[in-house]
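Let me begin by presenting the structure, written as structure tokens, before commenting on it.
Residue numbers (the numbering used here): 106 to 343.
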């Protein structure tokens, strides 16, 4: 009787041990499935870089920033020249507004390029003064720096109209081809604000003595103006 009881207890212990093993294995499988779910969940929603990479970027976004930075830098130089010499209140107001808007935008775009791992300069450089982007040539800038009084103010308005129209065309190119939300938002802001400033500068220019009959983009201005003004004034792409 004692031997039978001992054997029964041993079989019960073996059965209990097997059940425990099965439970333990089942627990491991469940834990493994939970970890896998957690891993895939965290992998599908990585932390995005603040303010730059949300939604990704493409070559158009990179080119927009690389081209707009030197474009803005030239506008700032023009604003500084006129602010140092002009006595015209309207011209001073416009130049001050250009400085206030475009200096922070330069810093913003440089931050994007750094975060994207892209150089601040477009490869191969830009053909400044060719008329396609509204940039002034070196000779345009030399003539502008040498001007004074009413002639300085006239040149500033004519040159900046062409310059702004070039920026508007660049912004429209970004809106047509870019994908980065922040870059597209800036392009919209540039297009809107600079179009309004173009209208204001055209109004001021036509009110001046000796102004051309049509303020279509500063066609009596620098040598680079006629090539860029007609296309840019309509807001179309080059």
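We put the beta carbon where it would ideally sit given N, CA and C, even for glycine.
Which residue wins for smallest C-alpha separation from residue i, given the options the options?
| i | options | result |
| --- | --- | --- |
| residue 268 | 253, 280, 307 | 307 |
| residue 274 | 293, 258, 264 | 293 |
| residue 214 | 166, 251, 245 | 166 |
| residue 255 | 276, 286, 163, 195 | 195 |
| residue 218 | 168, 281, 251, 305 | 168 |
| residue 189 | 281, 282, 251 | 251 |
| residue 270 | 304, 164, 216, 163 | 304 |
Look at the Cβ atom of residue i, then the Cβ atom of residue j, and state whether they are nearer than 8 Å.
| i | j | result |
| --- | --- | --- |
| residue 288 | residue 279 | yes |
| residue 183 | residue 240 | no |
| residue 171 | residue 227 | yes |
| residue 86 | residue 174 | The requested residue 86 is not part of the displayed model; the chain covers only 106 to 343. |
| residue 187 | residue 208 | no |
| residue 257 | residue 191 | yes |
Could you tell me the alpha carbon to alpha carbon distance between residue i and residue j, rounded to whole angstroms?
| i | j | result |
| --- | --- | --- |
| residue 248 | residue 261 | 11 Å |
| residue 302 | residue 161 | 31 Å |
| residue 243 | residue 179 | 11 Å |
| residue 193 | residue 185 | 14 Å |
| residue 299 | residue 220 | 27 Å |
| residue 297 | residue 223 | 27 Å |
| residue 309 | residue 197 | 12 Å |
| residue 295 | residue 276 | 7 Å |
| residue 259 | residue 314 | 10 Å |
| residue 253 | residue 246 | 13 Å |
| residue 163 | residue 281 | 12 Å |
| residue 266 | residue 177 | 13 Å |
| residue 181 | residue 238 | 16 Å |
| residue 286 | residue 225 | 19 Å |
| residue 290 | residue 284 | 10 Å |
Which class does residue i belong to by DSSP, given the choice of helix, strand or coil?
| i | result |
| --- | --- |
| residue 216 | helix |
| residue 242 | coil |
| residue 247 | helix |
| residue 313 | coil |
| residue 283 | coil |
| residue 163 | coil |
| residue 201 | helix |
| residue 223 | coil |
| residue 258 | helix |
| residue 193 | coil |
With a cut-off of 8 Å, does the C-beta of residue i fall near any C-beta of chain B?
| i | result |
| --- | --- |
| residue 245 | No chain B appears in the structure shown, which is made up of a single protein chain. |
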